[in-house]
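Oh and the sequence shown: position 555 is 545 in the numbering used here, straight run, nothing missing.
Cβ atoms here follow ideal geometry from the backbone N, Cα and C, with glycine treated the same way.
These notes are about the structure you will find just below.
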Amino acid sequence: MVSRISWFQKFVCISLFTFILCPSIIAQTVNKLSGVVTDTKGNAIETASIVLNNSLVTLSDEKGRFSIANIKSGEYEYRISCLGFEEVRGKATFKGDGTDRLDVKLKPLALTLGEVTVTARQQSMGSKSVIGQDAIRHIQPKSVADMLQLLPGALTVNPTLNNLGQANIREIGGNASNALGTAVILDGIPMSNDANLQAISTSKAGSRSGLQSDGMSDQTTAGRGVDLRTVGADNIESVEVIRGIPGVEYGNLTSGVVIIKTKAGRSPLEVKLKADPFSKLAYVGKGFKLSHGGTVNAGVDWSQSYADVRKRYQGYDRITASAGYSNIFNNGGEHPITFNVSGSFYSNINTYKRDPQLQQLQLNYKNENIGGRLSVRGNIKMNNFLTAIDYDFSGQIARMLDTHHDWVANPDGVITNSMVSGEAQAQFLTRAYYSDYRIEGKPYNFYAQVKTNKYIQLNSKNFTNVKLGFDYRLDGNSGKGLMFDMSNPPQAGSAQTLRPRSYSDIPAMHALSMFVEDNSTFHIGATSLQFAAGVRISNLFLNKEKAKRGSMFVAEPRANLEYTFLTKKNNSLFDKLAISGGFGISNKMPTLLYLYPDNAYFDSNSLSYQSGVGNNPSLAIMTTKVISDTQNPNLRPARSTKWEIGLNARIGKMKGYVTFFNENHRHELGFDSQLEWLNYKQYDIPVGASDLSYTNGGVSYTYGGTTHTATVTQANEMVTWSRPMNNSRTDKHGIEYSWDFGTFAPLRTSLNIDGAWFHIKRKSETPSVYYIRKDYDYASVLPAGDGTISDRVNTNFRLITHIPQVKMIFTTTLQVVWHERTRIIYEDKEGASMYHLSTDGTHYVVSPSGFYNRQAQWTDWQRAYEDNPKYRLLASRYQIYAFKANNISPWAMLNFRFTKELGRVAELSFMANNFLNMRKYHINPNTGGKSKLHPDSYFGAEIKLKF
């Protein structure tokens, strides 16, 4: 701990020294750039964002005015944007003498514009995609998860609110570790799921919120990523997805970053109605200007969805509401201050009931997630020693409640409520009963970030921007946790049982981080070099007594660069041809679920006697064993190492990119089974005994008129429980690409091609317990290395037809999956297969490293044991075809999107996925299993009214 703190102190000192030294090297002259942002009619636009060289940022005031100080002579790139208007980009040369002006007119977003972007736009330097307002309204998403289908390599999935909305980046299908490692930033504030503890018992069921396969656990995100359904899709202005190496200001991640920007500023009153066969949605939103300055934007939406419209007693209901206030103070002074405050509310309720006609089953459950967020953020222009100070503060709180009601037809028989190890009298459960349990969590989060930057114009074209910042996170949970009636518990079904647990007893976790980054641009003749490099250090502070370990410290260097070597100035073909690359390390800290797991409780039946004869004819005794050290003192953060290299080009109106990436994810979080040995007494009572008594650790009874002491035998049993572990690793590489061929004027149609090749190898990092059954005398330990390899190559061909004269745009997309393959593997660290053919040639066998018996004695494995009837079950056996690849032949489908503006007050949108109703099935040649390749045909419509 001392060494970690010293490193932290050294880093702070070096960073501050560099930050102080850089400005003194190059003196800055206070020269101001002024300007006005208006619409095409000359009306002032308030809260427009003005960005110079991706470093100098300000907002326009209520009169559209803005100013930026410390402008030196030279050429600058500018970007000006505002809600409801087309973004303007360009270059301008300023004198730097205080007389420079930049007056810009913005065109309102409408289908009458000459160019409308309905795909994800690639950003320069790094693998970043931006999904703008036009794209969002064209695809008609129900949640942010639907928008991610525009990323290269993603496949079409029918929009639904009945399933969790998880962000998966560079993934085939879904993966909990990938979603957990994706940071979701809402208006500059990280959304936190680190205090989500909605699990019935980590030691018994891991991160599941139920013990049965009834769907109860399908709605919990404990130990996973943020549920994107808590953010209303209709109040979003843009979404940026960093697939590659993010800047060092973003932390606590491994997969990537999803940056959501909600609407801010003035906007007309919007009323949206959406409908499809499974759901209905309504939204109302408006942004307006306040008389004293500043703007307020607010919106509310309501959604109701059913996975099966025939079962309306099984559905999902959502309400989200948000409001934000934006203003700029002292805009004409030396230190302008931008100020934004925003708040949001969400209510997500999932309900499941059995068919009301089948009353005897009586299964029902409900998952509720109700919460809110409040954030304050802004920017203070210093315009002297420092260029600016950015501040972000936020608080989040939620109430998560999972309730489960079920009919237990075959009770466990005997139960106990003992919370300590040892023998105790127990209670009989011989009749069926209703069991109810509740899991109440109240996760809360506080976040604060302060960052400063110093912009230095080196000469007329070259500049550098140094950024230094700190952030602090607090995550805790004050919920009541797992609650149930101990006399009617959820059915355990094994020796491991449940006990109530309050989440308020779990310590909150604190994380402190610091980062420094330099972002520079240099022009070298007709070429240019842009790079960003920095390092982030973080320390997670834990309760050493309860976590059984000290704090966690990580250091994360990251760098991105782009070298443009062909421009209009040095060749006649390319407007731009650039090579880009990046390298970075990032870490995801364990969440509360992994840091502070439940105790494990085992109840063994020492006596269960019922005779119905005489006094005290019944007696039950249970021996309880409590395992309290379920924490993992060796738990570490999940770690990701990435590098990538790519080309991006522009030739006239054509543009595109291709990127090769490589990712190594280590120490991914999960739960592994642990062996435990139970040794307990069993009391022998003859049939017909009466007057049973348990005193001083012994049992007496009356039999034949005489009092006897029960004989005792020692029993032993092997059981398993779950412990948090870093138990898996993932290796990825692949190619992402996109090319826009521009518009073919006679048909007013453009062709956009994008897609990816993903190769994902995922396998275990830790040995696993191979538990056969309760009455088997041995349990083996299998080596690490089991997993899967998945490959997929896909391409989307998008024909985008835009007719401004009739205010209409429609997109026809041909999605083709050229190649898809999955294969089971079992490999050692060097990649060599660990399975071999059985002696009789009928199976593949993976040999364990050894095995335990009931007395906890270890025996090393010998090859001869495979054919010994006593031990042969301890080796893992696979069918002879198990490790063969499952190759899926190419398949394709067609999707359609349509948007039409009706005058100035209405807009109609329509979408159809797989509208030809293609139904191709794949039969696994190895197992004979049948799977459907195409999603079901889906049709949806939306109407929007603007006032």
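| Query | Result |
| --- | --- |
| Near THR649, which residues of its chain fall below 6 Å by C-beta distance, leaving aside the five closest residues on each side in sequence? | SER117, GLU634, GLY636, GLU726 |
| Sort out for me which residues DSSP pairs GLN664 with in a bridge. | TRP711 |
| Please look up how many angstroms separate the CB atoms of ALA522 and ASN550, rounded, as I've assumed it's under 8 Å. | 5 Å |
| With DSSP as the reference, label GLN18 as helix, strand or coil. | With a pLDDT of 43 at GLN18, under the threshold of 50, the modelled position of that residue is not reliable, and no figure is offered here. |
| What residues are listed by DSSP as bridge partners for TRP808? | Beta-bridge pairing links TRP808 to no other residue. |
| Measuring CB to CB, does ARG640 end up less than 8 Å from ASP744? | no |
| Who are the Cβ neighbours of PHE905 in its own chain at under 8 Å, not counting the five residues just before and after it? | LEU884, ASN885, PHE886, SER927, PHE929 |
| Check this for me: beta carbons of ILE611 and TYR691, under 8 Å apart or not? | no |
| Excluding sequence positions up to five away, which residues of its chain have a Cβ less than 8 Å from the Cβ of TYR693? | PRO676, GLY678, ALA679, SER680 |
| Quick one: what's got a C-beta closer than 7 Å to TYR381's C-beta in the same chain, skipping five residues either side? | ARG367, GLY368, VAL440 |
| Would you check if the distance between the CB atom of LEU271 and the CB atom of ASP291 is smaller than 8 Å? | yes |
| With H, G and I counted as helix, E and B as strand and the rest as coil, what does DSSP make of MET206? | helix |
| Taking PRO490 as the reference, which of GLY469, ALA931, PRO547 has the closest Cα? | GLY469 |
| Count the other C-beta atoms from every protein chain shown that fall within 10 angstroms of the C-beta of TRP711, then say buried if there are 16 or more, exposed otherwise. | buried |
| From the DSSP secondary-structure annotation, give me the bridge partner or partners of MET901. | ARG887, GLY930 |
| What do you get for LYS264, buried or exposed, if any count of 16 or more other CB atoms within 10 angstroms of its CB means buried? | buried |
| What is the DSSP secondary structure of ILE126, counted as helix, strand or coil? | helix |
| Report back the beta-carbon spacing between PHE661 and PRO714 to the nearest angstrom; my notes put them in contact at under 8 Å. | 6 Å |
| Can you tell me the Cβ-Cβ gap for LYS262 and GLU932, rounded? I've got them flagged as a contact below 8 Å. | 6 Å |
| Would you mind sorting LEU892 into buried or exposed? The rule is 16 or more other CB atoms within 10 Å of its CB. | exposed |
| Please state the DSSP three-state secondary structure of MET504. | strand |
| How should ALA822 be labelled, buried or exposed, when 16 other C-beta atoms within 10 angstroms of its C-beta is the threshold for buried? | exposed |
| When you compare only the Cα positions, how much space is there between GLY524 and VAL544? | 14 Å |
| Report the residue ranges of all beta strand (DSSP E) runs contained in full by the stretch 593 to 675; include only those spanning at least 3 residues, in chain order. | 608 to 617, 628 to 641, 644 to 674 |
| So VAL759 is in the beta strand (DSSP E); what residue range does that whole segment cover? | 758 to 761 |
| Applying the criterion that 16 or more other CB atoms from any shown protein chain within 10 Å of the CB defines a buried residue, is TYR586 buried or exposed? | buried |
| Measure the alpha-carbon distance for ASN858 versus GLN139 and round it to whole angstroms. | 53 Å |
| Measuring alpha carbon to alpha carbon, tell me which of PHE436, ARG198, ILE175, HIS809 ends up nearest LEU583. | ARG198 |
| Among all the DSSP beta bridges, which residues are the ones paired with PHE268? | Paired residues: none, contrary to the question. |
| Quick check: ARG219 and SER337, are their CB atoms within less than 8 Å of each other? | no |
| Tell me the DSSP secondary structure of LYS253 in three-state form. | coil |
| Using a Cβ-Cβ cutoff of less than 8 Å, which residues in the same chain neighbour SER119 once the five nearest sequence positions on both sides are dropped? | ALA110, ARG111, GLN112, GLN113, LEU140, LEU141, PRO142, GLU230, VAL231, ARG233 |
| Just how far apart, CA to CA, sit LEU741 and THR733? | 7 Å |
| Buried or exposed, going by whether 16 or more other CB atoms sit within 10 Å of the CB of TYR424? | exposed |
| Measure the CB-CB distance between GLY74 and SER228 and report whether it falls below 8 Å. | no |
| From this set, SER281, SER828, PHE888, which residue's C-alpha is nearest ILE870's C-alpha? | SER828 |
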